[in-house]
Amino acid sequence: MAAGGLAGLLPAQTQLEYALLDADTPQEKENLVYQYLKKMDSRERDLTVPELGGDLQWLNTEGPISLHKDLCGKVVVLDFFTYCCINCLHLLPDLHALEHQYSDKDGLIIVGVHSAKFPNEKVLDNIKSAILRYNIAHPVVNDADATLWHELEVSCWPTLVILGPRGNMLFSLVGEGHREKLFLFTSITLKFYKERGQIKDNSIGIKLYRDSLPPSPLLFPGKVTVDDSGERLVIADTGHHRILVTRKNGQILHIIGGPNSGRRDGRFSEAAFNSPQGIAIKNNVIYVADTENHLIRKIDLELEMVTTVAGIGIQGVDKEGGAKGEEQAISSPWDVVFGNSISGTQEDNVLWIAMAGTHQVWALMLEGGKLPKGSDLKKGVCLRFAGSGNEENRNNAYPHKAGFAQPSGLSLAAEEPWNCLFVADSESSTVRTISLKDGAVKHLVGGERDPLNLFAFGDVDGVGINAKLQHPLGVTWDKKRKLLYVADSYNHKIKVVDPKMKNCATLAGTGEAGNVIGSSFTQSTFNEPGGLCVEENGRLMYVADTNNHQIKVLDLETKILSMALPILNRDACDVPDNLPVQKDKVSNLPKLPKSAPNVQLPSLTVAPGQTIQFLLKLTLPPDSKLNEEAPNSWFITAEDNTWLLQGQCPSGEIKDVSCQTTIPFQLPRSCLSAEATLAIKVCLYYCSKGSSACMMKGISFSQPLQVADTDQGSLTQVELIHTF
Numbered sequence: 001m002a003a004g005g006l007a008g009l010l011p012a013q014t015q016l017e018y019a020l021l022d023a024d025t026p027q028e029k030e031n032l033v034y035q036y037l038k039k040m041d042s043r044e045r046d047l048t049v050p051e052l053g054g055d056l057q058w059l060n061t062e063g064p065i066s067l068h069k070d071l072c073g074k075v076v077v078l079d080f081f082t083y084c085c086i087n088c089l090h091l092l093p094d095l096h097a098l099e100h101q102y103s104d105k106d107g108l109i110i111v112g113v114h115s116a117k118f119p120n121e122k123v124l125d126n127i128k129s130a131i132l133r134y135n136i137a138h139p140v141v142n143d144a145d146a147t148l149w150h151e152l153e154v155s156c157w158p159t160l161v162i163l164g165p166r167g168n169m170l171f172s173l174v175g176e177g178h179r180e181k182l183f184l185f186t187s188i189t190l191k192f193y194k195e196r197g198q199i200k201d202n203s204i205g206i207k208l209y210r211d212s213l214p215p216s217p218l219l220f221p222g223k224v225t226v227d228d229s230g231e232r233l234v235i236a237d238t239g240h241h242r243i244l245v246t247r248k249n250g251q252i253l254h255i256i257g258g259p260n261s262g263r264r265d266g267r268f269s270e271a272a273f274n275s276p277q278g279i280a281i282k283n284n285v286i287y288v289a290d291t292e293n294h295l296i297r298k299i300d301l302e303l304e305m306v307t308t309v310a311g312i313g314i315q316g317v318d319k320e321g322g323a324k325g326e327e328q329a330i331s332s333p334w335d336v337v338f339g340n341s342i343s344g345t346q347e348d349n350v351l352w353i354a355m356a357g358t359h360q361v362w363a364l365m366l367e368g369g370k371l372p373k374g375s376d377l378k379k380g381v382c383l384r385f386a387g388s389g390n391e392e393n394r395n396n397a398y399p400h401k402a403g404f405a406q407p408s409g410l411s412l413a414a415e416e417p418w419n420c421l422f423v424a425d426s427e428s429s430t431v432r433t434i435s436l437k438d439g440a441v442k443h444l445v446g447g448e449r450d451p452l453n454l455f456a457f458g459d460v461d462g463v464g465i466n467a468k469l470q471h472p473l474g475v476t477w478d479k480k481r482k483l484l485y486v487a488d489s490y491n492h493k494i495k496v497v498d499p500k501m502k503n504c505a506t507l508a509g510t511g512e513a514g515n516v517i518g519s520s521f522t523q524s525t526f527n528e529p530g531g532l533c534v535e536e537n538g539r540l541m542y543v544a545d546t547n548n549h550q551i552k553v554l555d556l557e558t559k560i561l562s563m564a565l566p567i568l569n570r571d572a573c574d575v576p577d578n579l580p581v582q583k584d585k586v587s588n589l590p591k592l593p594k595s596a597p598n599v600q601l602p603s604l605t606v607a608p609g610q611t612i613q614f615l616l617k618l619t620l621p622p623d624s625k626l627n628e629e630a631p632n633s634w635f636i637t638a639e640d641n642t643w644l645l646q647g648q649c650p651s652g653e654i655k656d657v658s659c660q661t662t663i664p665f666q667l668p669r670s671c672l673s674a675e676a677t678l679a680i681k682v683c684l685y686y687c688s689k690g691s692s693a694c695m696m697k698g699i700s701f702s703q704p705l706q707v708a709d710t711d712q713g714s715l716t717q718v719e720l721i722h723t724f
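Under the UniProt record's numbering, the sequence shown is numbered contiguously, ending at residue 724.
And the structure:
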């Protein structure tokens with residue numbers, strides 16, 4: 001057994017650490033580590049790690065792994081982590097680099113030991129999602145009851161423990177920022193035990209979870225925002241490392257970056273991001289929190305260019321700032337929102353930044369101005385606004401003395417009497433406010449009074465401190481109703497807060513992770529929603545339902561979760577902004593066979609700008625199957641009313657008839673006639689399973705429209721059902 005856990009390593013490793021401080025050359029450091037290993041290896045009794053229980057759940061492997069059997073002859077790095085923790089995320093690039101340098105053939109294995117902080121993090125499916133989200137490619141064990149954590153007396157996330165080939169403990173590294181030591185200790189340990197013939201080169205059965213997943217239009221979207229017109233959405237498609245700009249019906253206007261991570265400015269087709277999160281749009285300019293690149297990026301939709309406006313591309317440790325943006329190192333920015341300085345002459349002349357990596361809120365000056373309790377600042381300066389940098393839940397009248405714990409969501413209420421920033425402070429499970437008059441940081445809901453207690457989480461509706469949240473990641477202000485909505489991520493809920501009364505209540509979600517759509521708010525389900533926004537007129541809320549890989553649309557007036565936004569593949573539908581209809585696509589539409597029936601649908605009353613979702617449900621004859629190689633498609637025509645098709649995607653593929661195909665259609669804002677008819681046509685090729693005979697069949701649905709001036713609701717769904 002491990003005598004005294006990690007404490008047994010402390011005397012010898014402390015001596016080594018002091019000696020390394022005095023060493024001048026790499027050779028001296030390597031010799032010191034080598035001598036340390038000789039001493040540790042000659043101990044009468046190894047400090048050994050107990051075997052992991054056989055009933056624990058493993059990920060990224062073909063089955064359970066035994067530390068003392070399967071990993072005998074390997075140098076093992078145990079990474080004690082929890083997936084919510086920003087410090088644990090900061091360690092992942094070091095582990096990725098170590099894996100790249102040494103494989104299991106070289107004798108190295110990294111094992112993630114997931115030791116949850118929050119109850120939600122104990123659930124295997126949620127850990128699976130985190131492994132995908134953060135591209136973890138080594139074995140991970142779900143130590144939900146923290147058995148090994150307690151056995152070794154681990155006390156901090158993250159903690160690395162390096163084991164020799166007998167499961168003997170050799171080193172521990174607590175916290176982040178030890179890359180040089182990690183590589184030094186690991187490389188010398190491999191060398192030391194190879195010389196003694198104790199390293200084995202056998203492969204470990206790795207089976208990556210990500211390889212079993214089907215492709216998805218979105219992958220872990222972290223944040224979503226809507227422009228002032230309500231017509232365009234901006235989506236941080238975090239897992240695909242890209243930014244999407246779409247119409248409100250899901251038609252893609254721009255794809256910026258992706259699908260692979262990188263760090264590159266330039267044209268949209270060249271640009272690269274790394275797990276972008278927060279986004280803010282004004283007119284044709286978007287600012288992006290490029291989280292894992294530690295950058296703030298600027299997207300110009302008119303020039304179709306991406307530039308860097310803050311950060312140097314490596315994680316910063318500076319907690320003050322004050323340099324020009326592109327010279328100022330920053331750390332894991334998670335959200336951004338526009339705001340005003342107290343002395344500026346222009347609107348939206350500040351970009352507020354939730355700097356999760358240093359537990360602070362920063363400001364990037366888009367124009368010259370002055371911040372509360374601050375001096376005049378020049379355009380381009382990037383600096384700390386609130387938060388000491390200590391990970392705390394500390395409120396204070398002086399913004400620099402306040403403490404945050406991984407702030408991950410921001411929203412602005414500029415109007416009186418609020419005039420504040422709302423902050424989703426994830427690790428303290430609170431929502432806080434920062435006054436934009438004097439910088440005072442105050443509590444709104446969640447958490448508890450002890451600023452050092454970051455474990456006051458739960459799922460309780462209530463007032464102020466009696467309300468409980470679990471790792472909230474997003475907030476958005478509803479100007480119309482004067483209410484704040486919160487993405488209570490680990491409770492899988494959307495909550496609503498009345499900042500005047502400090503009352504917090506569940507708006508949507510059951511508290512169970514799921515993906516129920518088309519129901520009332522209280523019956524709908526989410527899976528770790530990370531961001532949300534409300535359109536200017538207060539009608540629709542868009543939610544980045546992160547682990548469901550969707551943007552959900554909630555109608556705040558009818559209280560119905562109406563749909564998951566369909567993201568139309570750009571190859572199938574690339575609609576330039578000002579073209580009436582893509583003529584090449586219209587001319588290439590297939591002709592239906594003369595035998596194709598025409599189904600007359602009941603007349604539908606609609607309003608300019610309204611979205612219609614046609615839900616296509618088709619059934620093939622028994623013992624038939626779709627010919628997937630053929631051009632199965634739907635298309636829309638409007639014979640005498642081509643103005644209806646302005647800016648529309650007139651066609652799309654049908655890949656599978658076993659599930660419904662969603663066809664979005666948005667009426668133009670300016671309608672030229674009070675009556676019109678749409679034709680939704682389908683062309684299918686299917687084959688009889690028992691023979692080689694294949695058929696082409698068609699169906700046309702005729703949808704009369706009555707255009708009214710009054711609002712008919714933001715979304716109407718029409719079922720198109722046919723059996724061939």
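Glycine included, every Cβ here is placed at the ideal spot set by N, Cα and C. From a predicted model like this one, the values you see are computed outputs, not experimental measurements.
(request) Return the residue from the list D79, A679, Y34 that minimises the CA-CA distance to S172. (result) D79
(message) Using only the alpha-carbon positions, how far apart do T710 and I612 sit?
(response) 16 angstroms
(request) Taking all protein chains shown into account, decide if L32 is buried (16 or more other Cβ within 10 angstroms of its Cβ) or exposed. (result) buried
(message) If you measure between the beta carbons of G389 and L377, is that distance less than 8 angstroms?
(response) no
(request) Whole angstroms is fine: what's the gap from L95's alpha carbon to N547's? (result) 24 angstroms
(request) Write down every uninterrupted run of the beta strand (DSSP E) in the stretch 15-94 whose length is 3 residues or greater and which is fully enclosed by it, in chain order. (result) 57-59, 75-81
(request) Please classify I206: is it buried, with 16 or more other beta-carbons within 10 angstroms of its beta-carbon, or exposed? (result) exposed
(request) Provide the residue(s) that pair with H254 in DSSP beta bridges, ordered along the chain. (result) V245
(request) Please report how far the alpha carbon of K379 lies from the alpha carbon of E304, in whole angstroms. (result) 23 angstroms
(message) Let me check understanding here. Comparing Cα to Cα, which of F665, W643, Q600 lies closest to L672?
(response) W643
(message) Once the 5 residues before and after A310 are set aside, which same chain residues still bring their CB inside 7 angstroms of it?
(response) L295, I296, G325, E326, Q328, I330, L364, C382
(request) Answer yes or no: do V77 and I127 have a C-beta to C-beta separation smaller than 8 angstroms? (result) no
(message) Helix, strand or coil for R384? Go by DSSP, reduced to three states.
(response) strand
(request) Reducing DSSP to helix, strand and coil, say where W643 ends up. (result) helix
(request) Work out the CA separation of A440 and Q717 for me, nearest whole Å. (result) 47 angstroms
(message) Give me, in chain order, the residues of the same chain whose beta-carbon lies closer than 7 angstroms to that of K38; leave out the 5 immediate sequence neighbours on both sides.
(response) none
(message) Please report the straight-line C-alpha distance between V575 and G446, rounded to a whole angstrom.
(response) Only weak support is given to the placement of V575: the predicted model assigns it a pLDDT of 36, under 50, and the value that follows is read from those uncertain coordinates. For V575 and G446, the distance between alpha carbons rounds to 44 angstroms.
(request) Would you be able to state if there are at least three C-beta pairs under 8 angstroms between the stretch 247-265 and the stretch 555-567? (result) yes
(message) By alpha-carbon positions, which one of I199, V123, I136 ends up nearest to G73?
(response) I199
(message) Could you tell me the alpha carbon to alpha carbon distance between Q610 and L556, rounded to whole angstroms?
(response) 16 angstroms
(request) Could you pull the start and end residues of the alpha helix (DSSP H) that I612 belongs to? (result) Careful: I612 lies outside any alpha helix (DSSP H), inside the beta strand (DSSP E) at 611-619.
(request) Could you spell out where the alpha helix (DSSP H) holding W149 opens and where it closes? (result) 147-151
(request) Please work out which residues of its chain come closer than 8 angstroms, Cβ to Cβ, to G167, disregarding the five sequence neighbours upstream and downstream, and give them in chain order. (result) D46, T48, V49, L67, H68, L71, C72, V76
(message) Let me check understanding here. Comparing Cα to Cα, which of R242, T637, A137, V285 lies closest to D228?
(response) V285
(request) List the whole-angstrom C-beta distance separating G339 from Q360, where the pair is believed to meet the contact cut-off of C-beta under 8 angstroms. (result) Between Q360 and G339 the Cβ distance is about 16 angstroms, and since that is not below 8 angstroms, they are no contact.
(message) Using beta carbons (cut-off 8 angstroms, strictly below), is Q706 in contact with chain B?
(response) In summary, chain B is missing from the structure at hand, where a single protein chain is found.
(message) Counting C-beta neighbours from all protein chains within 10 Å, is the total for L720 16 or more, i.e. buried, or is it exposed?
(response) buried
(message) Less than 7 angstroms between C-beta atoms, sequence neighbours within five positions excluded: which residues of the same chain meet that for K583?
(response) With a pLDDT of 40 at K583, under the threshold of 50, the predicted position of this residue should be treated as unreliable, and no value is reported.
(request) Would you mind working out which of H138, G107, E99, P221 sits nearest R179, comparing C-alpha positions? (result) E99
(request) Report yes if the CB atom of V475 is closer than 8 angstroms to the CB atom of G530, and no otherwise. (result) no
(request) Would you identify the three-state DSSP class for S428, choosing helix, strand or coil? (result) helix
(request) Inspect the CB distances between the stretch 412-421 and the stretch 394-403 and report whether three or more fall short of 8 angstroms. (result) no
(message) What residue range does the beta strand (DSSP E) around I235 cover?
(response) 232-237
(request) Pull up the distance between the alpha-carbon of N87 and that of E427, whole angstroms please. (result) 12 angstroms
(message) Just to confirm, is the Cβ distance from I235 to I551 under 8 angstroms?
(response) yes
(request) For my contact list, D461 and A505 are in at a C-beta cut-off of 8 angstroms; report their separation, rounded to the angstrom. (result) 5 angstroms
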